[in-house]
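Enquirer: Numbering (the numbering used here), first residue to last: 52 to 188.
Just so it is clear, CB atoms sit at the ideal spot from N, CA and C, and this is done for glycine as well.
These numbers were taken from a predicted model, which means no experiment stands behind them.
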Amino acid sequence: IGCALVLGGVDVNGPHLYQIYPHGSTDMLPFTTMGSGSLAAMAILESEYREDMTNEEGKALVAKAIRAGIFNDLGSGGNVDVCVITKDGGQIFRNMEKPCPRKFKAAYKPFPKGATPILKEEILKLCTIESGDVTMG
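(1) Counting only runs of 3+ residues fully inside the segment 56-127, write out the beta strand (DSSP E) ranges in chain order.
(2) Could you give the distance in angstroms between the alpha-carbon of Leu-90 and the alpha-carbon of Thr-83?
(3) Going by other Cβ atoms of all chains shown within 10 Å of its Cβ, with 16 needed for buried, is Arg-145 buried or exposed?
(4) What does the Cβ neighbour count give for Val-131, buried or exposed, with the cut at 16 atoms within 10 Å?
(5) Note down, in chain order, each residue of its chain lying with its Cβ closer than 8 Å to the Cβ of Glu-102, except the 5 sequence neighbours on either side.
(6) Since Val-57 and Lys-138 are thought to touch, with beta carbons under 8 Å apart, how far apart are those beta carbons, to the nearest angstrom?
(7) Under 8 Å Cβ to Cβ from Gly-53, same chain only, skipping five residues before and after it: list those, please.
(8) On the premise that Met-104 lies in contact with Leu-96, defined as a C-beta separation below 8 Å, what is that separation, rounded to the nearest angstrom?
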């Protein structure tokens, strides 16, 4: 199982955006895309990104890039979600746009509960480790 992530945040040194590949390597970039529609989305970001963009301009550009991914790749879903992270916190804009709404319900029926046997169950307890002087809100 692999997991590709785009990780963003703000710390005492300022804003950061990282691209984390399934094999473990990372890139720190001013903008990035990942996933099946990422090439079309990256084309938009590379041609229109500017360092001095306002919050609204940034949201509009990200939405445009996601739309490009949706329209150029059938596996990219059908709605636009945008997350804005600032030093004051984060805000998620879900279903900002639905450029490709479903026209009909899927023809197949979902599998009923219990159709797949459970071979092993393992429950891990989570713990929180706190260190350093930085408090994130």
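Expert: The short version:
(1) Runs found: 56-62, 65-71, 77-79.
(2) As a working note, residue 90 is residue 39 in the sequence shown. As a working note, residue 83 is residue 32 in the sequence shown. Each residue's Cα considered, the two are about 10 Å apart.
(3) As a working mapping, residue 145 is identified with position 94 in the sequence shown. Classification for Arg-145: exposed.
(4) Locating residue 131 in the sequence shown gives position 80, counting from the first residue. It counts as buried.
(5) Taking the sequence shown and counting its residues from 1, one reaches residue 102 at position 51. These residues qualify, in order along the chain: Pro-81.
(6) On the sequence shown, residue 57 is found 6 positions in, with the first residue counted as 1. On the sequence shown, residue 138 is found 87 positions in, with the first residue counted as 1. That pair is no contact at about 19 Å.
(7) Position 2 of the sequence shown holds residue 53. These residues qualify, in order along the chain: Pro-73, His-74.
(8) Position 45 of the sequence shown holds residue 96. Position 53 of the sequence shown holds residue 104. Between Met-104 and Leu-96 the Cβ distance is about 11 Å, and since that is not below 8 Å, they are no contact.
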